[in-house]
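Enquirer: Input: one structure, supplied below.
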Amino acid sequence: MDLQRFERNKQLAQSLKGGVIMDVTNPEQAKIAEAAGAVAVMALERVPSDIRKQGGVARMSDPKMIKGIQEAVSIPVMAKARIGHIAEAQILEALGIDYIDESEVLTPADDAYHLNKFDFKVPFVCGARNIGEALRRIGEGASMIRTKGEAGTGNVVEAVRHMRTVMADIRRLQNMPAEELMTFAKDNGAPYDLVVEVAKTGKLPVVNFAAGGIATPADAALMMQLGSEGIFVGSGIFKSSNPEKMARAIVKATAYYNDPDVLAEVSEGLGEAMRGIELSEIAPEDRMAQRGW
Amino acid sequence: MKPVTIGVLSYQGTVIEHIKALSQLEGVTPMEVKTLPALQEVDGLILPGGESTTIAKLLNIFGLMEPLRQRILDGMPVWGTCAGEILLAGEILGEQPHLGVMDFAVRRNAYGRQIDSFTQYAPIQGISETPVELVFIRAPWIESVGEKAQVICRVNGHAVAARQDNMLATSFHPEFTRDLTVHRWFARQVEQHKYQ
Chain A
5 MDLQRFERNK QLAQSLKGGV IMDVTNPEQA KIAEAAGAVA VMALERVPSD
55 IRKQGGVARM SDPKMIKGIQ EAVSIPVMAK ARIGHIAEAQ ILEALGIDYI
105 DESEVLTPAD DAYHLNKFDF KVPFVCGARN IGEALRRIGE GASMIRTKGE
155 AGTGNVVEAV RHMRTVMADI RRLQNMPAEE LMTFAKDNGA PYDLVVEVAK
205 TGKLPVVNFA AGGIATPADA ALMMQLGSEG IFVGSGIFKS SNPEKMARAI
255 VKATAYYNDP DVLAEVSEGL GEAMRGIELS EIAPEDRMAQ RGW
Chain B
33 MKPVTIGVLS YQGTVIEHIK ALSQLEGVTP MEVKTLPALQ EVDGLILPGG
83 ESTTIAKLLN IFGLMEPLRQ RILDGMPVWG TCAGEILLAG EILGEQPHLG
133 VMDFAVRRNA YGRQIDSFTQ YAPIQGISET PVELVFIRAP WIESVGEKAQ
183 VICRVNGHAV AARQDNMLAT SFHPEFTRDL TVHRWFARQV EQHKYQ
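Which chain is which? The protein sequence lines are A and B, in order.
Just so we're aligned, residue 5 is where the first sequence starts under our numbering, counting upward by one.
Just so we're aligned, residue 33 is where the second sequence starts under our numbering, counting upward by one.
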């Protein structure tokens with residue numbers, strides 16, 4: 005990935021701003037997502053809540069299933085590769101996927117290193133819990149960041165924590181005198197040049213979406229109000245009792261996140277949201293957000 | 033320049049990029065537009081880059097599609113970039129048109145997938161004789177053009193910008209570059225229309 009391509013990859017993420025990216029497991033779901041107004045779909049074999057329930061090793065999806073989804077819709081198609089799995093990412097690039105999510109939702113393939121995303125032409129989105137993690141991923145070539153949250157729980161609390169942490173770090177950096185930036189970089193394990201850039205601009209160098217536990221239109225609006233630039237919904241749509249209606253409602257709530265009248269209207273009569281999990285019920289070693297280095 | 037208010041349809045997409053570009057122009061007050069009162073207030077409107085299906089969906093759901101079409105037909109200057117070009121097109125290959133106000137047919141994702149996105153330099157007839165930076169992100173092109181519209185930019189043999197009366201459509205995203213040429217040109221069109 006040369007610098008010009010890195011720019012264009014960041015720009016695709018910019019065009020997705022204010023939109024909702026939905027997890028889909030087959031072409032029918034992809035069409036429902038597109039018809040509901042999704043800006044992109046994430047093709048995967050099992051949504052995170054099923055991965056959590058069924059256990060086992062979660063890997064990249066079958067290329068045949070990904071191709072089926074690519075043929076079904078005209079919006080961008082994303083897919084997940086395991087953390088550090090160079091070959092899975094190469095396969096997804098060969099399929100002409102529009103964005104690769106190097107995702108903690110899948111079982112990591114490497115327990116020390118992430119992908120060098122500059123080795124690829126295709127853009128990458130990566131999860132982050134704090135600014136150090138976000139800037140390490142960008143330093144490796146990610147052109148889009150999302151909060152990790154805690155995928156498959158339908159519980160927004162971790163996404164809120166991660167978004168608030170990143171935003172607080174940015175505000176702190178903006179007020180920091182130049183001589184403190186190097187120590188900040190050291191303490192947070194972040195590339196120094198990117199720390200300097202954030203301190204100067206007051207924002208991450210790439211688009212930052214919210215993900216991991218968003219289950220209702222109100223959750224989406226909350227994340228947007230906290231500074232998120234768009235929304236990933238995983239299990240929240242196709243694990244609800246009325247996916248079409250839920251999908252449309254989350255799209256509307258994301259676009260009108262600061263209009264309570266619209267939010268009240270779209271939240272009405274959606275049926276049951278996905279059944280959530282209280283975070284204390286999940287053992288620390290089972291938390292997906294812990295994956296990533 | 034005399035004062036004008038230029039709106040950016042702000043459901044989704046490259047809204048902030050357009051607002052930032054507009055805010056660098058003297059006399060221009062940029063404004064986000066996603067309600068009817070806001071739409072009635074602006075002197076001109078930009079339809080940003082993004083996903084045209086998403087933006088069209090929201091225009092329909094929130095009842096802005098018809099009022100917007102009417103304002104355009106009444107002469108309000110409008111400029112669509114990428115997804116915005118698709119919204120303006122009279123025909124979309126394989127799909128129903130949205131605003132359908134410009135006399136050309138557009139092909140979505142004409143260049144392929146993200147890996148095929150690219151940057152080029154070319155002049156834009158009537159706007160800039162010197163080549164300007166053109167950024168194409170999963171871009172559409174203009175497949176064929178009717179009598180009322182005029183192609184004003186070509187790249188690699190494909191039409192990528194067109195004008196028709198008060199309307200401008202570009203397959204590329206000037207809002208992603210530092211070059212304000214097209215924004216400045218559009219602001220002048222808005223000024224002329226307002227103070228004619």
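Note that beta-carbon positions come from the ideal geometry of N, C-alpha and C, so glycine has one too.
For Asp123/A, decide whether its Cβ has a neighbour in chain B, counting only Cβ atoms nearer than 8 Å.
Expert: What you label residue 123/A is simply residue 119 of the first sequence in a count that begins at 1. No, Asp123/A lies away from the interface with chain B (no Cβ there is under 8 Å from its Cβ).
Enquirer: Leu119/B to Ala225/A, Cα distance in whole Å?
Expert: The sequence position of residue 119/B within the second sequence is 87, counting from 1. The sequence position of residue 225/A within the first sequence is 221, counting from 1. Cα to Cα, the separation comes out at about 26 Å.
Enquirer: Should Lys125/A and Met5/A be called a contact, given that it needs their Cβ atoms to be closer than 8 Å?
Expert: As a working mapping, residue 125/A is identified with position 121 in the first sequence. As a working mapping, residue 5/A is identified with position 1 in the first sequence. Yes, they are a contact pair.
Enquirer: Tell me, please, whether the CB atom of Ile79/A is closer than 8 Å to any CB atom in chain B?
Expert: Here the question's residue 79/A lines up with position 75 in the first sequence. So yes, Ile79/A belongs to the interface.
Enquirer: Find out if the Cβ-Cβ distance for the pair Gly238/A, Met167/A is shorter than 8 Å.
Expert: Here residue 238/A refers to the residue found at position 234 when the first sequence is read from its first residue. Here residue 167/A refers to the residue found at position 163 when the first sequence is read from its first residue. No; because the gap between Cβ atoms is not below 8 Å, this pair is not in contact.
Enquirer: Nearest chain A C-beta to Tyr43/B closer than 8 Å, yes or no?
Expert: Counting from 1 along the second sequence, the entry for residue 43/B is found at position 11. So yes, Tyr43/B belongs to the interface.
Enquirer: Let me know if Met33/B comes out buried or exposed under the rule of 16 or more other beta-carbons within 10 Å of its beta-carbon.
Expert: Walking along the second sequence from the start, residue 33/B turns up at place 1. Under this definition Met33/B is an exposed residue.
Enquirer: In this structure, does DSSP put Arg50/A in helix, strand or coil?
Expert: Position 46 of the first sequence, counted from the first residue, corresponds to residue 50/A. Three-state result, Arg50/A: coil.
Enquirer: Determine contact between the region 212-223 of chain A and the region 159-166 of chain A, defined as no fewer than three beta-carbon pairs at a distance below 8 Å.
Expert: With the cut-off at 8 Å, the region 212-223 of chain A and the region 159-166 of chain A touch.
Enquirer: So what does DSSP say about Thr209/B, is it helix, strand or coil?
Expert: Within the second sequence, numbered from 1, the residue matching residue 209/B stands at position 177. Correct three-state label for Thr209/B: coil.
Enquirer: Rounded to the nearest angstrom, what separates Gly153/A and Arg216/B at their Cα positions?
Expert: In the first sequence, counting from the first residue as 1, residue 153/A sits at position 149. In the second sequence, counting from the first residue as 1, residue 216/B sits at position 184. Cα-Cα distance, rounded: 42 Å.
Enquirer: Kindly indicate the opening and closing residues of the alpha helix (DSSP H) around Pro264/A.
Expert: If you number the first sequence from 1, residue 264/A lands on position 260. First-last of the alpha helix (DSSP H) with Pro264/A: Pro264 to Val270.
Enquirer: Taking CB distances under 8 Å as the criterion, tell me whether Glu38/A reaches chain B.
Expert: For the purposes of this step, residue 38/A is taken as residue 34 along the first sequence, with counting starting at 1. Yes, its Cβ sits closer than 8 Å to a Cβ of chain B.
Enquirer: Does the beta-carbon of Gln229/A, which I'm using as the reference point, lie nearer than 7 Å to any heavy atom of the ligand HEM?
Expert: Among the components of this structure there are no ligands whatsoever, and the ligand HEM is therefore not found.
Enquirer: Rounded to whole angstroms, what is the Cα-Cα separation between Leu267/A and Pro109/B?
Expert: Along the first sequence, read from residue 1 onward, the residue named residue 267/A stands at position 263. Along the second sequence, read from residue 1 onward, the residue named residue 109/B stands at position 77. Rounded to the nearest angstrom, the two C-alpha atoms are 32 Å apart.
Enquirer: Where does the unbroken alpha helix (DSSP H) through Asn2/A begin, and where does it stop?
Expert: Look at the range of chain A in this structure, 5 to 297, and you will see that residue 2/A is not part of it.
Enquirer: State buried or exposed for Asn198/B, treating a residue as buried only when at least 16 other CB atoms are found within 10 Å of its CB.
Expert: Within the second sequence, the letter at position 166 stands for residue 198/B. Asn198/B is buried by the Cβ-count criterion.
Enquirer: Sort His50/B, Ser203/B and Glu64/B by Cα distance to Val138/B and report the nearest one.
Expert: Position 106 of the second sequence holds residue 138/B. Considering only alpha carbons, the answer is Ser203/B.
Enquirer: Hey, is Lys34/B's beta-carbon within less than 8 Å of any beta-carbon in chain A?
Expert: Taking the first residue of the second sequence as position 1, residue 34/B is located at position 2. False, the Cβ-Cβ gap to chain A never drops below 8 Å.
Enquirer: How long is the line joining the alpha carbons of Gly143/A and His89/A, rounded to whole angstroms?
Expert: Here residue 143/A refers to the residue found at position 139 of the first sequence. Here residue 89/A refers to the residue found at position 85 of the first sequence. So the alpha carbons of these two residues sit roughly 18 Å apart.
Enquirer: Hey, which unbroken runs of the beta strand (DSSP E) at 3 residues or more fall wholly within the region 43-116 of chain A?
Expert: Segments of the beta strand (DSSP E) lying fully in the region 43-116 of chain A: 44-47, 81-86 and 103-107.
Enquirer: Taking just the CA atoms, how far does Cys130/A sit from Met46/A?
Expert: Stepping through the first sequence from its first residue, residue 46/A is reached at position 42. Stepping through the first sequence from its first residue, residue 130/A is reached at position 126. Distance between the alpha carbons of Met46/A and Cys130/A is about 13 Å.
Enquirer: Does the beta-carbon of Asp135/B have 16 or more other beta-carbons within 10 angstroms, so that it is buried, or is it exposed?
Expert: If you number the second sequence from 1, residue 135/B lands on position 103. Label assigned to Asp135/B: buried.
Enquirer: Does DSSP classify Glu179/B as helix, strand or coil?
Expert: Position 147 of the second sequence, counted from the first residue, corresponds to residue 179/B. In the structure shown, Glu179/B sits in coil (DSSP, three-state: anything other than H, G, I, E or B).
Enquirer: Report, in whole angstroms, the separation of the C-beta atoms of Thr111/A and Arg150/A, which I expect to be a contact under 8 Å.
Expert: Indexing the first sequence from 1 puts residue 111/A at position 107. Indexing the first sequence from 1 puts residue 150/A at position 146. About 19 Å; that fails the 8 Å criterion.
Enquirer: Specify whether the region 167-180 of chain A and the region 196-203 of chain A touch according to this definition: at least 3 beta carbon pairs, one from each stretch, less than 8 Å apart.
Expert: Result yes; three or more Cβ-Cβ pairs closer than 8 Å.
Enquirer: If you measure beta-carbon to beta-carbon, which residues of the region 118-149 of chain B are closer than 7 Å to chain A?
Expert: Cβ contacts with chain A come from Arg140, Asn141, Arg145, Gln146, Ile147 and Ser149.
Enquirer: Quick check: what's the CA-CA separation for Ser271/A versus Gly45/B?
Expert: Locating residue 271/A in the first sequence gives position 267, counting from the first residue. Locating residue 45/B in the second sequence gives position 13, counting from the first residue. Rounded to the nearest angstrom, the two C-alpha atoms are 24 Å apart.
Enquirer: Could you spell out where the alpha helix (DSSP H) holding Asp197/A opens and where it closes?
Expert: One-based indexing of the first sequence puts residue 197/A at position 193. Taken as a continuous stretch (DSSP letters only), the alpha helix (DSSP H) holding Asp197/A covers Tyr196 to Thr205.
Enquirer: Cβ of Gly81/B within 8 Å of Cβ of Thr113/B?
Expert: The count along the second sequence starts at 1 and reaches residue 81/B at position 49. The count along the second sequence starts at 1 and reaches residue 113/B at position 81. Cβ atoms of Gly81/B and Thr113/B: closer than 8 Å.
Enquirer: Run the CB neighbour count on Gly158/B, radius 10 Å, all protein chains shown included, and call it buried at 16 or more, exposed below.
Expert: What you label residue 158/B is simply residue 126 of the second sequence in a count that begins at 1. Looking at its Cβ environment, which holds fewer than 16 other Cβ atoms inside 10 Å, Gly158/B is exposed.
Enquirer: In the DSSP output, which residue or residues are listed as bridge partners for Pro62/B?
Expert: In the second sequence, residue 62/B corresponds to position 30, counting from 1. The partner list for Pro62/B (beta bridge, DSSP) reads Ile38/B.
Enquirer: Rounded to the nearest angstrom, what separates Met278/A and Ile51/B at their Cα positions?
Expert: For the purposes of this step, residue 278/A is taken as residue 274 along the first sequence, with counting starting at 1. For the purposes of this step, residue 51/B is taken as residue 19 along the second sequence, with counting starting at 1. Those two C-alpha atoms are separated by around 38 Å.
Enquirer: With a threshold of 8 Å between beta carbons, is Tyr103/A in contact with chain B?
Expert: For this step, residue 103/A is matched to residue 99 along the first sequence. Tyr103/A counts as touching chain B.
Enquirer: Taking C-beta pairs closer than 9 Å, name the residues in chain B that Arg12/A reaches, listed in chain order.
Expert: If you number the first sequence from 1, residue 12/A lands on position 8. Residues of chain B passing the Cβ test: Gln146, Ser149, Phe150, Thr151, Val167, Phe168, Ile169 and Phe208.
Enquirer: Could you tell me whether any Cβ in chain B is nearer than 8 Å to the Cβ of Gln33/A?
Expert: By 1-based counting over the first sequence, the position of residue 33/A is 29. Not one chain B Cβ lies under 8 Å of Gln33/A.
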